[in-house]
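Colleague:
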Amino acid sequence: MNPHAKLIFYMSLLLGTTITISSNHWMMAWTGLEINTLAIIPLISKSHHPRAVEAAIKYFLVQATASILVLFSSMINAWYTGQWDITQLTHQTSCLLLTSAIAMKLGLVPFHFWFPEVLQGSTLTTALLLSTMMKLPPITILFLTSHSLDPTLLTVMAIASTSLGGWMGLNQTQIRKILAFSSISHLGWMIIIITYNPKLTLLTFYLYSLMTATVFLSLNMIKTLNLSTMMISWTKTPTLNATLMLALLSLAGLPPLTGFLPKWLIIQELTKQKMTMAATIMAMLSLLGLFFYLRLTYYSTITLPPNSTNHMKQWHINKSTNIQLATLASLSILLLPLSPMILTTIF
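Remember, our numbering sits 18 above the position in the sequence shown when you count from 1.
Okay, here's the thing in structure tokens:
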């Protein structure tokens with residue numbers, strides 16, 4: 019792809035995200051979402067592979083449907099209340115329509131079908147954008163309207179997303195699909211708490227984005243797309259694979275690592291809200307995710323190929339990429355001891 023065109027698309031993504039997260043009016047938020055959708059489609063289909071073109075078409079159709087529902091929801095609310103302010107969403111039908119639209123944009127159950135297929139058809143860098151940056155505007159809209167949404171509906175969707183993300187990730191061999199189901203599972207954790215503590219949802223999203231960026235950039239550097247190639251990547255970049263293993267375990271939410279912080283806080287908040295059963299179910303379902311993350315770490319570091327490879331060990335990689343990845347990896351592994359400072363800053 020032409021570098022100038024790529025720059026325009028990336029700047030459009032930044033512009034669309036900024037417009038949506040900084041707007042109070044429904045029409046401006048909708049405009050930002052549309053700019054985002056139109057900017058990411060060429061990036062999905064840039065390889066011209068039939069699977070990439072199919073992914074771009076699926077993405078466009080789903081996002082267009084969700085945008086129509088967002089517009090419809092805001093118009094019904096404006097018709098009944100005379101308010102175009104995002105925080106003044108009070109009409110019940112509008113709230114239900116908006117929940118469906120945002121669930122469709124994020125890939126929450128039962129609107130999750132498109133997400134693994136689109137990620138599988140994209141490159142790793144585009145898949146990273148779809149998993150992190152493209153989810154920020156819809157989550158911001160949920161954050162602004164969280165006081166109006168139905169907590170029971172969100173809890174059911176969250177538990178369904180966490181359970182389906184865990185179950186479906188178990189038998190996958192393609193790493194992008196595994197990370198797609200991981201994303202659906204993490205979204206369940208974010209959504210279950212949004213009506214009780216919206217800032218905690220944002221903290222979870224930021225930490226999830228940090229860990230996912232580390233995993234995707236590591237995979238992009240070692241050029242790994244499925245489990246069979248992951249088995250022989252250890253001999254090429256041993257240090258990077260060890261870092262990838264820690265990032266994956268952090269994404270699973272194991273205690274000494276950064277990923278444990280949001281899960282711990284969410285379970286604590288659910289218990290405070292007298293939702294002990296929901297907290298127990300979420301904790302149990304996180305074991306499913308832990309299983310396939312352990313499977314990935316097993317393939318990445320512990321399994322050695324049966325025959326020796328002729329690859330030279332790549333101890334030295336591009337310096338600028340090294341610094342970025344080292345910073346991301348450090349943050350995605352070592353933030354748990356700083357949790358008191360993080361909590362003081364955010365809450």
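The beta carbon of each residue, even a glycine, is placed where N, CA and C say it ideally should be.
Please classify Ser304: is it buried, with 16 or more other beta-carbons within 10 angstroms of its beta-carbon, or exposed?
Modeller: buried
Colleague: Mind checking which residues open and close the alpha helix (DSSP H) that includes His66?
Modeller: Counting along the chain, His66 falls outside any alpha helix (DSSP H), and DSSP gives it neither H nor E.
Colleague: DSSP three-state label for Asn244, please.
Modeller: strand
Colleague: Assign Lys24 to one of two classes, buried (16 or more other C-beta atoms within 10 Å of its C-beta) or exposed (fewer than that).
Modeller: Burial call: exposed.
Colleague: Rounded to whole angstroms, what's the CA-CA distance from Pro256 to Ile250? Just pull it up for me.
Modeller: So the two alpha carbons sit approximately 10 Å from each other.
Colleague: Mapping DSSP to helix, strand and coil, what is His109?
Modeller: coil
Colleague: Taking 7 Å as the cut-off, decide whether the C-beta atoms of Phe27 and Ala47 are in contact.
Modeller: no
Colleague: Whole angstroms is fine: what's the gap from Thr38's alpha carbon to Thr289's?
Modeller: 33 Å
Colleague: Nearest-angstrom Cα distance between Leu115 and Ile177?
Modeller: 20 Å
Colleague: Cβ of Ile320 within 7 Å of Cβ of Phe223?
Modeller: The Cβ-Cβ distance between Ile320 and Phe223 does not fall below 7 Å.
Colleague: Could you check the C-alpha separation between Met293 and Ile210 for me, to the nearest Å?
Modeller: 10 Å
Colleague: Name the DSSP bridge partner or partners of His43?
Modeller: Asp103
Colleague: Could you compute how far the alpha carbon of Thr150 sits from the alpha carbon of Gly100?
Modeller: Each residue's Cα considered, the two are about 34 Å apart.
Colleague: Which ranges does the beta strand (DSSP E) cover as unbroken runs of at least 3 residues, wholly within the region 68-97, from first to last along the chain?
Modeller: none
Colleague: Identify, in the order they occur along the chain, each residue of the same chain with its Cβ nearer than 6 Å to the Cβ of Met263, setting aside the five sequence neighbours on each side.
Modeller: Thr315, Ser318 and Thr319
Colleague: Does the structure place the region 162-178 close enough to the region 193-204 that three or more beta carbon pairs sit under 8 Å?
Modeller: No, they do not touch.
Colleague: Below 8 Å, can you find three or more Cβ-Cβ pairs linking the region 269-281 to the region 239-247?
Modeller: Touching, no, given that fewer than three Cβ pairs across the two stretches are closer than 8 Å.
Colleague: Ile94 and Ser112: beta carbons closer than 7 Å?
Modeller: yes
Colleague: From Val71 to Leu356, what does the alpha carbon distance come to, in whole angstroms?
Modeller: 43 Å
Colleague: Where do the ends of the alpha helix (DSSP H) carrying Trp132 lie?
Modeller: Trp132 to Gly139
Colleague: Residues in the same chain with beta-carbon distance under 6 Å from Leu89, minus the five sequence neighbours each way, listed in chain order, please.
Modeller: Hits under 6 Å: Trp48.
Colleague: Is Met19 buried or exposed, if buried means 16 or more other CB atoms sit within 10 Å of its CB?
Modeller: Residue environment analysis places Met19 among the exposed positions, since fewer than 16 neighbouring C-beta atoms fall within 10 angstroms of its C-beta.
Colleague: Should Trp207 be labelled buried (16 or more other beta-carbon atoms within 10 Å of its own) or exposed?
Modeller: Trp207 counts as buried, since at least 16 other C-beta atoms from the protein chains shown sit within 10 angstroms of its C-beta.
Colleague: Verify whether the separation of the beta carbon atoms of Leu366 and Ala270 is less than 7 Å.
Modeller: For residue 366 there is no data in the structure shown, the boundaries of the chain being 19 and 365.
Colleague: Which class does Gln192 belong to by DSSP, given the choice of helix, strand or coil?
Modeller: strand
Colleague: Report buried or exposed for Pro68, applying the criterion of at least 16 other Cβ atoms within 10 angstroms of its Cβ.
Modeller: Note on Pro68: under 16 other CB atoms within 10 angstroms of its CB, so exposed under the neighbour-count rule.
Colleague: Is the distance from the Cβ of Pro155 to the Cβ of Leu51 below 7 Å?
Modeller: yes
Colleague: Note down the Cα distance separating Leu107 from Thr36, rounded to an integer number of angstroms.
Modeller: If I take the Cα positions, the gap works out to 21 Å.
Colleague: Should Pro21 be labelled buried (16 or more other beta-carbon atoms within 10 Å of its own) or exposed?
Modeller: exposed
Colleague: In this structure, how does DSSP classify Ile38 when only helix, strand and coil are distinguished?
Modeller: Note on residue identity: the sequence assigns Thr, not Ile, to residue 38. Residue state, collapsed to three classes: helix.
Colleague: Throw me the rounded Cβ distance for the Thr105 and Leu162 pair, which I believe falls under 8 Å.
Modeller: Right, the Cβ-Cβ distance comes to about 6 Å (below 8 Å), so this counts as a contact.
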